[in-house]
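Reading through the structure tokens given below for one structure.
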């Protein structure tokens, strides 16, 4: 008998795209969880440009506001390194991406992606379903931001 998991733990098997509430309204979010405890998350949203968020989970509890970190994303023999800034309000790292960013291509590969940094170690996420979920979010890019009210 397994212990009850929080509802979002189901997404550890692959990516999903669903509308989530943000302070600005609802936003389509592609997300996946990973890590040994399933408490790390990667999320992609898009208003004008894609924004990737990386929540370290339990590893990231003692983060200092204003910090940034260099993270290497590796999948299928490819590697993309990005500097992510800490979003203090939510305690996770974020980076703005271009629609044709190599990182978005890498995240649509097969298998797993590992996200690593010298300071925070390495976390693995499955890429199953990532192409469809990321595609849905990118299709919303630049359409209507949360403040447009249309």
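In our numbering, the protein residues as written are 81 to 230. Just so you know, even glycine gets a beta-carbon here, dropped at the ideal spot from N, CA and C.
Span separating the alpha-carbon of residue i from that of residue j
{"i": "residue 318", "j": "residue 173", "result": "Beyond the ends of the chain as shown, which are 81 and 230, falls residue 318; an answer cannot be given."}
{"i": "residue 121", "j": "residue 223", "result": "25 Å"}
{"i": "residue 213", "j": "residue 161", "result": "22 Å"}
{"i": "residue 176", "j": "residue 204", "result": "21 Å"}
{"i": "residue 130", "j": "residue 218", "result": "7 Å"}
{"i": "residue 128", "j": "residue 100", "result": "17 Å"}
{"i": "residue 90", "j": "residue 102", "result": "Note that residue 90 has pLDDT 40, beneath the 50 cutoff, so the model's placement of it is unreliable and the number below is only indicative. Rounded to the nearest angstrom, the two C-alpha atoms are 21 Å apart."}
{"i": "residue 144", "j": "residue 168", "result": "8 Å"}
{"i": "residue 227", "j": "residue 158", "result": "The predicted model places residue 227 with a pLDDT of 49, which falls under 50 and marks its position as unreliable; any figure quoted below should be read in that light. Cα to Cα, residue 227 sits roughly 37 Å from residue 158."}
{"i": "residue 98", "j": "residue 166", "result": "24 Å"}
{"i": "residue 156", "j": "residue 202", "result": "16 Å"}
{"i": "residue 119", "j": "residue 182", "result": "26 Å"}
Of the residues the options, the one placed nearest residue i, counting alpha carbons only
{"i": "residue 132", "options": "190, 179 and 116", "result": "179"}
{"i": "residue 124", "options": "118, 184, 142 and 106", "result": "184"}
{"i": "residue 96", "options": "188, 221, 202 and 151", "result": "188"}
{"i": "residue 220", "options": "119, 126 and 118", "result": "126"}
Beta carbon of residue i nearer than 8 Å to that of residue j
{"i": "residue 208", "j": "residue 93", "result": "yes"}
{"i": "residue 210", "j": "residue 112", "result": "yes"}
{"i": "residue 148", "j": "residue 136", "result": "no"}
{"i": "residue 197", "j": "residue 154", "result": "no"}
{"i": "residue 114", "j": "residue 206", "result": "yes"}
{"i": "residue 171", "j": "residue 146", "result": "no"}
Report the residue ranges of all alpha helix (DSSP H) runs contained in full by the region 117–195; include only those spanning at least 4 residues, in chain order. 182–186
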